[in-house]
Amino acid sequence: MSSGRPFYITTPIYYVNDRPHVGSCYTTIVADCIARFMRLAGRDVFFLTGTDEHGQKVEKSAAEKGKSPQELADENARHFREAFEFIGSTHDDFIRTTEDRHEKQVQEVLKALIASGDIYLGEFEGWYDEGQEEYVTENQARERDYTAFNGKPLVKATEQNYYFRLTKYWDRVRKLIEENETFVRPAGKRSEVLGRLKDEARDVPVSRTNFSWGIPVPGDEQHVTYVWIDALMNYMTALGKIDEGFGGVGGSRQKYWDGSGEVVHLIGKEILWFHAVIWPALIMALEDAGRDDLKLPTTVYAHSFWIREGKKMSKTLGNFIDLETIHAYCDRYGLDAFRWYMLTQGPLSATDADFAYEHFVEVYNADLANGFGNAHSRVTNMIAKYFGGEVPLQEENADLGVDWPATIAQKTAEAVSAMGAVDVAGALKAGLEVSNAVDLFINETAPFRLAKDEANLPRVGTILYQCAEALRIAAVLMRPAMPDAMDAALERLGSPIRDGQTLQDLTRWGLLRPGTSVEKGDALFPRADAKDPEPSGVKTGA
RNA sequence: GGCCCCGUAGCUCAGCGGUUAGAGCAGACGACUCAUAAUCGUUUGGUCCUCGGUUCGAAUCCGAGCGGGGCUACCA
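In this note's numbering, the protein residues as written are 15 to 556.
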């Protein structure tokens, strides 16, 4: 479809034992915004999301509900699909770890790594909680004073497990991260990983025998593999990178991860270790096993978490921003405004961000209602009032104090460069600054005053042409965040985006044709009042 | 316990050795009236957590303390 350089962006695959909430929606919205921006910038984008469906927790809760694990997975995978459809995600595929295409390729990986010796059968010893039927980590065990959930002491237990020889790749991974500043981002997270890589290396178990809801280890089927290999491999299996025969897409996706473009994994900080260390080690192990066609990702970007009105979200506080709350916000302010808040105020840095109602209203009013929305409204209104709703002509050589082509070129460059550095808020701010510049320009040139004398109409027309054209471009720059609202804004400016138009085409000053009919319409973002009670979701019970 | 980060205006944060410490939002005042009581301008506001040290000079470097937070790998 696009002939640009490939750009592959992924979200984590979400665990089907949970319901979608702000966390999963946030990551997906960020990935979506980047994907949309890159497509607009002419890149050949592939955007992947999906669900992680294996493991003991799914097996257990399915049993409790009297369902098969697959039924439960199907149900909850549907919830994620629906949630992501709701938030406007434009992912190109949705992979599920229980799909044949995935399982077959994971088994090939297991076979290859067992053959090369990087996966071996070893003995696992750990603290076992007999009541919960699960192992607890050394740290958890210590925190709990070596007592099980039911109060009885934890016991040391051993079992046979397959291990991945992470120790063999430890130094290589450390070198990779040390020498490549942007492999792990943001910088604070990179240091955290490097810090831990100074500790002693250890292999990681990659199979279990105490449950069966997973991918059987070829040749030793009482073992199932889960997490590290199962989940991480989704990024490759969805493209058919391990075996095109099971990828089933006729080789069309190979280019997204062949070294010619970028591969960006967007994740939450809780799974950084696996993505920053185990994942590249696995890829190196596959290389060593003869798969030198496989490449490392370009960047693993770990964002932080949303907190709620200054407090952590937790089950005990019941203060999760769940799907119902998200729906309630979108009902009142629109999906686009919700996305704008997520994207411009979100925890993309190493610190958590606060989701607070008053803050939401503040940002909504400042950026959208009083900002872009009002600027759009005053410009379209004046064009209607003074020029019958048709974009006026510019005078020859009209220098009105703002070098718009230069301003636009600069803001566009800023947006492109920020987005390339995964600074989504920075990229969007560039668009908003264009609309702020229009407000300032109107105040300084005062077309409404000039319009009182008909002799000034050519000048008024020139001013309003420049305003409308700048707003058109601002809308283009903000569209990856707010597709529907910006499409509406562009529609009213008589300038809808046509298929195939790229950022380069669309940000060219002068594209707007005089004579184009312009429509004011209702407020794009009606002003919000913080005195209204916070939108809250009614639980649907389903 | 170990490793690491942060504490700067009411709020969110930038500045990380050198002129009178900045931005956005909120507040106050003024201008304007095309616009969603919107916009534009001016402006109020800070012992830069505390104490001690290094330095001609520290928010910025070092030490101690107080306060907050992260990571600690076999949980998906």
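Cβ atoms here follow ideal geometry from the backbone N, Cα and C, with glycine treated the same way.
As the structure is a computational prediction, the values presented were derived from the model and not from experiment.
- In this structure the segment 385-398 does not lie against the segment 343-353, because fewer than three pairs of beta carbons, one per stretch, are closer than 8 Å.
- Counting only the Cα atoms, Arg33 lies some 14 Å from Thr42.
- In this structure, Thr312 keeps its C-beta atom at 8 Å or more from the C-beta atom of Val263.
- Under the three-state reduction of DSSP output, Trp227 falls in the coil class, being neither helix nor strand.
- Apart from sequence neighbours up to five positions away, the residues of its chain that approach Thr365 with a beta-carbon distance below 7 Å are Ser318, ordered along the chain.
- Residues of the same chain with a CB within less than 7 Å of the CB of Leu180, apart from the 5 flanking positions on each side, are Ala215, Arg216, Asp217, Val218, Ile292 and Ala295 in chain order.
- By the criterion of a C-beta distance shorter than 8 Å, Gly535 is surrounded in its chain by Thr394, Ala502 and Arg506, once the five residues flanking it on both sides are discounted.
- For Trp141, the enclosing beta strand (DSSP E) has its first and last residue at Ile133 to Asp143.
- Separation of Glu447 and Leu517 (C-alpha to C-alpha, rounded to the nearest whole angstrom) is 17 Å.
- If you look at Arg53, you'll find it in the alpha helix (DSSP H) that goes Val36 to Leu54.
- In the displayed model, Phe197 falls within coil according to three-state DSSP, outside both helix and strand.
- In the displayed model, Ser363 falls within coil according to three-state DSSP, outside both helix and strand.
- For the pair Lys255 and Phe401, the Cα-to-Cα distance works out to about 58 Å.
- Check the Cα spacing between Gly282 and each of Ser38, Asn31 and Val436: the tightest is with Ser38.
- Taking C-beta atoms under 8 Å as the contact rule, Glu548 and Tyr371 qualify, at a distance of about 4 Å.
- Asn175 sits in a strand when the DSSP states are folded into three classes.
- Our two residues, Glu85 and Lys79, have alpha carbons roughly 10 Å apart in a direct line.
- In chain order, Thr521 place their CB closer than 6 Å to the CB of Thr426, counting only its own chain and leaving out the 5 sequence neighbours on each side.
- For Thr25, the three-state secondary structure derived from DSSP is strand.
- Apart from the 5 residues on each side of it in sequence, Gly445 sits with its Cβ closer than 6 Å to the Cβ of Ala488, Leu491 and Met492 in its chain, given in chain order.
- If the five residues before and after Glu67 are omitted, its C-beta is found closer than 7 Å to the C-beta atoms of Val30, Ala87, Ala91, Arg110, Thr111 and Thr112, all from its own chain and listed in chain order.
- Listed as beta-bridge partners of Thr161 by DSSP are Pro167.
- Here Arg115 carries a helix assignment [DSSP, helix/strand/coil].
- Beta bridge pairing from DSSP links Ile321 with Asp368.
- Cα atoms of Pro26 and Ala45: separation of roughly 10 Å, rounded to the nearest angstrom.
- Glu404 is not a Cβ neighbour of Gly524, given a cutoff of 8 Å.
- Restricting attention to beta strand (DSSP E) runs no shorter than 3 residues, the segment 278-322 encloses them at 313-317 and 320-322, ordered along the chain.
- Linking Ala351 to Thr358 through their CA atoms gives a straight-line distance of about 10 Å.
- A distance below 6 Å between beta-carbons, with the five flanking residues on each side excluded, links Gln119 to the following residues of its chain, in chain order: Thr251, Ile256, Asp257 and Phe260.
- Residue environment analysis places Gly233 among the exposed positions, since fewer than 16 neighbouring C-beta atoms fall within 10 angstroms of its C-beta.
- Of all alpha-carbon atoms in Ala537, Leu286 and Gly324, the one lying nearest the alpha-carbon of Ala201 is that of Leu286.
- Taking C-alpha positions only, Asn224 is separated from Val241 by approximately 15 Å.
- Excluding five sequence positions before and after Ala412, the CB atoms of its chain that fall closer than 8 Å to its own CB belong to Arg473 and Thr476, given in chain order.
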